[in-house]
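S.K.: For reference, the structure I am asking about is given below.
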Amino acid sequence: MPELPELEVVREVLQRRAVGQTIAKVEIRPPGGLIVVRDLTHAGFEATVMGTTIASVVRRGKFLVFSLQTKTEPLFLVLNPKLTGRLQLAAATDKRMPRTHVEFTFTNGRQLRYVDQKHMGQLYLSYDLESVPDYAGMGPEPFDISLEEFRTRLKPFRGEIKGVLTRKEFVAGIGNAYADEILWAARLYPYRKRTQLNAEEVARLYEAMRTTLAEAVEKVRVEMGEQIELKPRDFLAIHMKTGQPCPRCGTPISLVGANQRITNFCRTCQPGGLIRGM
Ligand SMILES: [Zn+2]
Numbered sequence: 028m029p030e031l032p033e034l035e036v037v038r039e040v041l042q043r044r045a046v047g048q049t050i051a052k053v054e055i056r057p058p059g060g061l062i063v064v065r066d067l068t069h070a071g072f073e074a075t076v077m078g079t080t081i082a083s084v085v086r087r088g089k090f091l092v093f094s095l096q097t098k099t100e101p102l103f104l105v106l107n108p109k110l111t112g113r114l115q116l117a118a119a120t121d122k123r124m125p126r127t128h129v130e131f132t133f134t135n136g137r138q139l140r141y142v143d144q145k146h147m148g149q150l151y152l153s154y155d156l157e158s159v160p161d162y163a164g165m166g167p168e169p170f171d172i173s174l175e176e177f178r179t180r181l182k183p184f185r186g187e188i189k190g191v192l193t194r195k196e197f198v199a200g201i202g203n204a205y206a207d208e209i210l211w212a213a214r215l216y217p218y219r220k221r222t223q224l225n226a227e228e229v230a231r232l233y234e235a236m237r238t239t240l241a242e243a244v245e246k247v248r249v250e251m252g253e254q255i256e257l258k259p260r261d262f263l264a265i266h267m268k269t270g271q272p273c274p275r276c277g278t279p280i281s282l283v284g285a286n287q288r289i290t291n292f293c294r295t296c297q298p299g300g301l302i303r304g305m
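Following this note's numbering, the numbering of the sequence shown begins with 28 at its first residue and continues without gaps.
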């Protein structure tokens, strides 16, 4: 569930609050913790992490990468929170949220906790990033590509445009929620085939991707503050707003699908249903 905007703000907070901290203690709380933690070093998760200092925190797509400073080789703690994982900064005395699976205690007494309602996320420990599952092969960050690169990268993908936007091989960091927001901003029907988009529509999509994500980072920054366990989404225009008026035209927001895979769109602003026979 966390996508580029949320993870980018989490990274900013961790840059201030976690970088430079030395990890004094690691606690993995079974059973969920044992599912979440993946030790690709095979040297023992707790033993390898303890005593290291967090040198940097970088976001790449929907991953957060902690570089841990050791006396010998480079070491990475890589978080892929998937749909339900989140981090929390806490004092050691703060009550644990339910489903707190992993706790890192810094030498200053503060803690970084990993919480995951369904333990779907993964916390990898690895000497190299390429061996982390799903990390290699990621496309560029949305803010790092030009319109021309965007057009070129789009060409091999022939499916429905929403599905293409959420493919990490195309661009990294966009999931189900922000794909809906971007397509609404671009006024494109989510089930249009990529091959049906003309040059002007692709340019609109590119602009909408960048402005939607940039504006979302600003809003999340204000609403999240230092509480990185939050997932502020009330400000979204249409995602999870089924039946509410479209902020642009007032048409009730449409819904297709169920559970984690829902698609919201505006039939008036994003026409195209007839093409698909809807
Ligand atoms: Zn509308």
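Note that CB positions come from ideal geometry on N, CA and C, so glycine has one too.
These figures come from a predicted structure and were not determined experimentally.
Contact between the region 131–149 and the region 40–54: three or more CB pairs below 8 angstroms?
M.R.: The answer is yes - the region 40–54 touches the region 131–149, with three or more Cβ pairs under 8 angstroms.
S.K.: Across which residues does DSSP place R294 in a beta bridge pair?
M.R.: On the sequence shown, position 267 is the one that residue 294 refers to. None; R294 has no bridge partner.
S.K.: Closest by CA to F93, which one among T111, T127, P58 and L34?
M.R.: Taking the first residue of the sequence shown as 1, we reach residue 93 at position 66. Comparing Cα positions, the closest option is L34.
S.K.: Check for me: the alpha helix (DSSP H) holding T179 runs from which residue to which?
M.R.: Mapped onto the sequence shown, residue 179 falls at position 152. Segment L174 to L181, the alpha helix (DSSP H) holding T179.
S.K.: By the 10 Å Cβ neighbour count, where 16 or more other Cβ atoms means buried, how is E208 classified, buried or exposed?
M.R.: Taking the sequence shown and counting its residues from 1, one reaches residue 208 at position 181. Classification for E208: buried.
S.K.: Do the CB positions of P32 and V244 come within less than 7 angstroms of each other?
M.R.: Translated into positions along the sequence shown, residue 32 becomes position 5. Translated into positions along the sequence shown, residue 244 becomes position 217. A contact, by the Cβ cut-off of 7 angstroms.
S.K.: Would you say K109 and G200 are within 7 angstroms of each other, going by their C-beta atoms?
M.R.: Start at 1 with the first residue of the sequence shown, and residue 109 comes out as number 82. Start at 1 with the first residue of the sequence shown, and residue 200 comes out as number 173. Cβ distance not < 7 angstroms, so K109 and G200 don't count as in contact.
S.K.: Can you tell me where the beta strand (DSSP E) with R248 in it begins and where it stops?
M.R.: Position 221 of the sequence shown, counting from 1, holds the residue named residue 248. Segment A226 to M251 is the alpha helix (DSSP H) holding R248; no beta strand (DSSP E) there.
S.K.: Output the distance between the C-alpha atoms of A119 and V63, rounded to the nearest integer angstrom.
M.R.: Taking the first residue of the sequence shown as 1, we reach residue 119 at position 92. Taking the first residue of the sequence shown as 1, we reach residue 63 at position 36. For A119 and V63, the distance between alpha carbons rounds to 21 angstroms.
S.K.: Measure from the alpha carbon of V283 to the alpha carbon of each residue in P125, R275 and T269, then state which is nearest.
M.R.: Here the question's residue 283 lines up with position 256 in the sequence shown. It is T269 whose Cα lies nearest to the Cα of V283.
S.K.: Spatial neighbours of T193 within its chain, please: C-beta separation below 8 angstroms, excluding the five flanking residues on both sides.
M.R.: One-based indexing of the sequence shown puts residue 193 at position 166. Correct list, in chain order: I201, G202, N203 and A206.
S.K.: For E30, name the three-state secondary structure that DSSP assigns.
M.R.: By one-based count along the sequence shown, residue 30 stands at place 3. Three-state result, E30: coil.
S.K.: Is L116 closer than 7 angstroms to R44 when the C-beta atoms are compared?
M.R.: On the sequence shown, residue 44 is found 17 positions in, with the first residue counted as 1. On the sequence shown, residue 116 is found 89 positions in, with the first residue counted as 1. Contact: yes.
S.K.: I289: which of S281, V40 and T295 sits nearest, CA to CA?
M.R.: Here the question's residue 289 lines up with position 262 in the sequence shown. The option with the nearest alpha carbon to I289 is S281.
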